[in-house]
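Participant: Numbering (my numbering), first residue to last: 5 to 555.
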């Protein structure tokens, strides 16, 4: 009781003294305080030494207590303040960690936030990059796997033994921040990077920082990329629309190297050539090597493998040397050998694109029985309808007595440009205004009636002077010109040449009596001066007039 009273009296006395100093004697009180501080140097030194030995989290808590109002009973800290204090302590341990055990010790806490988990994984990544540690030192550590599960947001009941680093990191790379995840790529092995690329494809996530990091690090790998990994990478790149030229070139070179060792696995070769077609990648050495492999192992290849190779070659408009065996095998295929009716249509259209289709093959695709087979699979897709329209138009130009495609197939098929193509075509038309100004001399955005548009139609004489279209209709002394503008999407990659389908359109326009002026974006720059663009058009017109093969 007396002790309690004494403490109360002491507190009251101290507060009274502060009140007295804070009034008239404020200056004297400040001076006295300075004198007292100067008279106790040993005490201050002892206090400073104690502060150095105390952790920053405890010091912060102590000062927080001094600043809080005094009560008769000690106040319990709130759960929130305890949580903040624990978070600060975990931050300090992570920052001060110098080895794997010291860092992963934080993961032993019952509650680890995603922020802390990502920070620890990033530190491990930095250590691995600087060769301070190896991935094998921690990849199977349960504490590291716990961090991966936290970042991946998987169920906590999932067994740790079922997890591997590659699986965890692929999930982490698919969920966490792109920049942080990209830093982890350099620490992965080639199989793990392929697995991450496949995971991005499966999730449909086109993360440019991750894809660039993967492409850069895979290209730097000294190990040869085998056929299976090449197939996985190419298909992922095709579905994610990420045609990185360096990685594509590296994969194609490794495919050429690995093909001779493959004796009886046509499926992986088929996957590779299909993906090259989807990517519109005209790597002639790789396409030639694949064609040679198929011809060598023709007995092991299925009908679908042969058809897929022909479709890709038609897409990029490339006929490898000494490829007669492949095309003869394709020409001998029957509709019944195809897995789907749409696959037969794709094969016949590819042969037509390469100018190798037989009349009976073309006729088979426009027969009512075949159309019924396509309809049995559901509504005929727009690309398939355009192919049917092109086949029908080609037959009418070459074999007028052949059957006709049912008219309802072409109903509702849109013939429009993309936004980028529209801008490019407009720049071409602006240039033509300097050559052909009046509408009577030029038609724009012409419907061919064959399943595609061509950009313009006009007529000129032998001196490249414009002629009115009405007079040119029956005058064989003038040249009817059809314009096909070709933007980035209309050319192949690697070797920038027109896609096979535009070569087919060119042949069909020539069959209708046109000379075709192709204007690829690689030769015509809309940003050039008007004089330069006009000179280019005039030069090309003179070339196609003098070229007998252009008609």
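Don't be surprised by glycine CBs; every beta carbon is placed ideally from N, CA and C. Quick caveat, the model's predicted, so the values are computed rather than measured.
Just to confirm the assignment, what range does the alpha helix (DSSP H) spanning residue 278 have?
Facilitator: Taken as a continuous stretch (DSSP letters only), the alpha helix (DSSP H) holding residue 278 covers 270-282.
Participant: Distance, Cα to Cα, residue 126 vs residue 208?
Facilitator: Their backbone Cα atoms lie some 25 Å apart in a straight line.
Participant: Helix, strand or coil for residue 248 per DSSP?
Facilitator: Coil, per DSSP.
Participant: Classify residue 525 as helix, strand or coil using the three-state DSSP reduction.
Facilitator: Looking at residue 525 - three-state DSSP - the assignment turns out to be coil, as it is neither helix nor strand.
Participant: Short of 6 Å in beta carbon distance, which residues of its chain neighbour residue 329, apart from the five on each side in sequence? Order them along the chain.
Facilitator: Here the set comprises 299.
Participant: Between residue 538 and the rest of its own chain, which residues show a CB-CB distance below 8 Å, the 5 nearest in sequence each way excluded?
Facilitator: Excluding positions up to five away in sequence, the list reads 435, 438, 439.
Participant: Can you grab the Cα-Cα spacing for the pair residue 224 / residue 468, in whole Å?
Facilitator: In a straight line, the C-alpha of residue 224 is about 53 Å away from that of residue 468.
Participant: So what does residue 498 bridge to, in DSSP terms?
Facilitator: Per DSSP, none; premise fails for residue 498.
Participant: Alpha carbons only, please: which of 270, 377, 481, 291 is nearest the one belonging to residue 258?
Facilitator: Nearest C-alpha to residue 258: 291.
Participant: Just to confirm, is the Cβ distance from residue 413 to residue 392 under 7 Å?
Facilitator: Yes, these two residues count as a Cβ contact at 7 Å.
Participant: Which residues in the same chain have their Cβ closer than 6 Å to the Cβ of residue 459, if we skip the five residues on either side of it in sequence?
Facilitator: Only 429, 487, 489 meet the Cβ criterion.
Participant: Using 10 angstroms around the beta-carbon of residue 350, count the other beta-carbons present and answer buried if the total reaches 16, otherwise exposed.
Facilitator: It is buried - the Cβ of residue 350 has at least 16 other Cβ atoms within 10 Å.
Participant: Rank 313, 256, 422, 509 by C-alpha distance to the C-alpha of residue 394 and give the top, closest one.
Facilitator: Answer by Cα proximity: 509.
Participant: Considering just the uninterrupted stretch of the alpha helix (DSSP H) at residue 356, what are its terminal residues?
Facilitator: Taken as a continuous stretch (DSSP letters only), the alpha helix (DSSP H) holding residue 356 covers 345-357.
Participant: Report yes if the CB atom of residue 188 is closer than 7 Å to the CB atom of residue 129, and no otherwise.
Facilitator: Contact flag set, yes.
Participant: Can you tell me where the beta strand (DSSP E) holding residue 449 begins and where it ends?
Facilitator: Residues 446-451.
Participant: Leaving aside the five residues before and after residue 215 along the sequence, list all residues of the same chain whose C-beta is less than 6 Å from its C-beta, in chain order.
Facilitator: These residues qualify, in order along the chain: 246.
Participant: For residue 483, list the residues DSSP reports as bridge partners.
Facilitator: 464.
Participant: Would you report the Cα separation of residue 374 and residue 345, rounded to the nearest angstrom?
Facilitator: Near 8 Å, if we compare the C-alpha coordinates of residue 345 and residue 374.
Participant: If you check the beta carbons only, do residue 4 and residue 251 fall under 7 Å apart?
Facilitator: Examination of residue 4 is not possible in this model, given that the chain is present from 5 through 555 alone.
Participant: When the Cβ atoms of the region 494-502 are set against those of the region 463-478, are three or more pairs found closer than 8 Å?
Facilitator: The region 494-502, when compared against the region 463-478, does not touch it at the 8 Å Cβ threshold.
Participant: Any idea what DSSP makes of residue 227, helix, strand or coil?
Facilitator: Here residue 227 sits in coil by DSSP.
Participant: Is the Cβ-Cβ distance between residue 348 and residue 339 less than 7 Å?
Facilitator: Yes, Cβ-Cβ distance for residue 348 and residue 339 is below 7 Å.
Participant: Please name the residue, chosen from 249, 363, 273, 213, that lies closest to residue 233 on a Cα-to-Cα basis.
Facilitator: Measuring from the Cα of residue 233, the nearest candidate turns out to be 273.
Participant: Under 8 Å by Cβ, that's how I've got residue 282 and residue 242 pegged, so tell me the actual separation to the nearest angstrom.
Facilitator: Yes, they are in contact, since the Cβ atoms of residue 282 and residue 242 sit about 4 Å apart, within 8 Å.
Participant: From residue 474 to residue 514, what distance separates their C-alpha atoms?
Facilitator: Approximately 19 Å between the Cα atoms of the pair.
Participant: Relative to the alpha-carbon of residue 315, which residue among 352, 325, 124 has its alpha-carbon at the smallest distance?
Facilitator: Comparing Cα positions, the closest option is 352.
Participant: Less than 8 Å between the CB atoms is what I'm expecting for residue 284 and residue 319, so what's the real figure, rounded?
Facilitator: Right, the Cβ-Cβ distance comes to about 6 Å (below 8 Å), so this counts as a contact.
Participant: What does DSSP give as the partner residues of residue 520 in its beta bridges?
Facilitator: In the DSSP output, where bridge partners are listed per residue, residue 520 has 486.
Participant: Less than 7 Å between the C-beta atoms of residue 445 and residue 470, yes or no?
Facilitator: Taking 7 Å as the Cβ cut-off, residue 445 and residue 470 qualify as a contacting pair.
Participant: Identify every run of the alpha helix (DSSP H) within the region 286-327, keeping only runs that are complete inside it and at least 4 residues long; order them along the chain.
Facilitator: The region 286-327 contains these whole alpha helix (DSSP H) runs: 288-300, 307-319.
Participant: When we look at the beta-carbon of residue 103 and count the other beta-carbons within 10 Å, is it buried (16 or more) or exposed?
Facilitator: Burial call: exposed.
Participant: Should residue 511 be flagged as near chain B, meaning a C-beta pair shorter than 7 Å?
Facilitator: The displayed structure is made up of one protein chain only, and chain B is not part of it.
Participant: Does DSSP put residue 535 in a helix, a strand or coil?
Facilitator: In the structure shown, residue 535 sits in a helix (DSSP, three-state: H, G or I).
Participant: For residue 534 versus residue 485, is the C-beta distance shorter than 7 Å?
Facilitator: Not a contact, by the Cβ cut-off of 7 Å.
Participant: Quick one: what's residue 457 bridged to in DSSP?
Facilitator: Answer is 451, bridged to residue 457.
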